[in-house]
Amino acid sequence: MGIALRHVVWASATLSLGAFLYVLTLEPMDPKENPRALAIDQTPDRTGLINRFRQSMSNGQLTAANAMTDSLVEHYYDDPSTWFYRALVSEAMGHDEAAAQAWRRLDAMMQRLIGWKGRYSSEQIGYFRAWGSIGVGDIEEGQAQFRELADRVQERLRMSEVEQPGAHYNAACYRAMAGQTEVAMAHWARAVELGYRDGGNEGGWWMVDPDLESLHKLDAFWEIAQPLLEPRSRRDPRDQRDKATQDEPEIGDTDDRAAVPEEASGG
31 MGIALRHVVW ASATLSLGAF LYVLTLEPMD PKENPRALAI DQTPDRTGLI
81 NRFRQSMSNG QLTAANAMTD SLVEHYYDDP STWFYRALVS EAMGHDEAAA
131 QAWRRLDAMM QRLIGWKGRY SSEQIGYFRA WGSIGVGDIE EGQAQFRELA
181 DRVQERLRMS EVEQPGAHYN AACYRAMAGQ TEVAMAHWAR AVELGYRDGG
231 NEGGWWMVDP DLESLHKLDA FWEIAQPLLE PRSRRDPRDQ RDKATQDEPE
281 IGDTDDRAAV PEEASGG
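31 is the number of the first residue of the sequence shown in my numbering; add one for each residue after it.
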């Protein structure tokens, strides 16, 4: 009887130890009991990463922006927007080889059109393809692609009963990238006149948007932008338009360019 009892005690102790080790090392954490479980298991939202990237770039925080692209590479390696933003921050940081590699990867990805239809709109595909061309040095091809994109946006504006500031913003970006500065400035002025705002999620992306780089060099661009530079508290309350009312889809993005799928586009 003593031997049997010792076996029961030994078995019980072994099972208890095994259960303890399982809970300690293997059992999934309950998010309700341990909030860290969510942080450990959850894949970061792509839209959120891109918005934080844009905020960081707008604030000149290149290290933080680069960290966002590290997360994009880790979790969204096969997405064109990952390599678009990776190239932008690499260029800004003076990492020329890393930027060149990112542009080459983006350009190669956009040659496989079948893989992106349904995930991105035709305009978003065209945007990435145009940037990919310019990124690898095919400037004329990229500019031609941006002109085509701008023509499509202007046709939509012509057919629309209501002018959307986001559409004019996109047209300004595309015309600027196509080298059509005067027309781009006209769209930029109209976007601001109609109440363009970046929605607050991207911290003034328009100030560093690479699509508008050629316009940033012009005093007229900043003169037109004065309403956007005023403290929010001084703006006319009627101008506090919700971003959802603007023609700026996505992925927490402010425009329909390179942001992301379903939310995607924008540069």
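The beta-carbon is built from N, C-alpha and C at its ideal position, and this holds for glycine as well.
Because the structure is a prediction, the values reported are computed rather than measured.
(message) Across the segment 191-204 and the segment 212-225, are there enough close Cβ pairs to call them in contact, namely three or more that are closer than 8 Å?
(response) yes
(request) Measure how close the beta-carbons of VAL228 and TRP236 come, nearest whole angstrom, since I'm counting them as under 8 Å. (result) According to the sequence shown, residue 228 is Asp rather than Val. The Cβ separation is near 6 Å, so the contact holds.
(request) Can you tell me which of the three DSSP states TYR150 falls into? (result) strand
(message) Is it buried or exposed, GLY156, if we count other Cβ atoms within 10 angstroms and call 16 or more buried?
(response) buried
(message) With a threshold of 8 Å (Cβ to nearest heavy atom), would ALA174 be considered close to the ligand SAM?
(response) Judged by which ligands are present, the structure shown has none, so any question about the ligand SAM falls away.
(message) In whole angstroms, give me the CA-to-CA distance for ILE169 and LEU259.
(response) 32 Å
(message) Please report the distance separating the alpha-carbon of LEU92 from that of ASP126.
(response) 15 Å
(message) Can you check which of these residues, ALA208, VAL166, GLU153, SER151, is closest to LEU136 by C-alpha distance?
(response) VAL166
(request) Have a look at MET98, VAL183, GLY196 and flag the residue whose alpha-carbon is nearest the alpha-carbon of GLY225. (result) GLY196
(request) Output the distance between the C-alpha atoms of GLN141 and ARG82, rounded to the nearest integer angstrom. (result) 28 Å
(request) Take the Cβ of ASP100 as the centre, count every other Cβ of all protein chains shown within 10 Å, and call the residue buried at 16 or more, exposed below. (result) exposed
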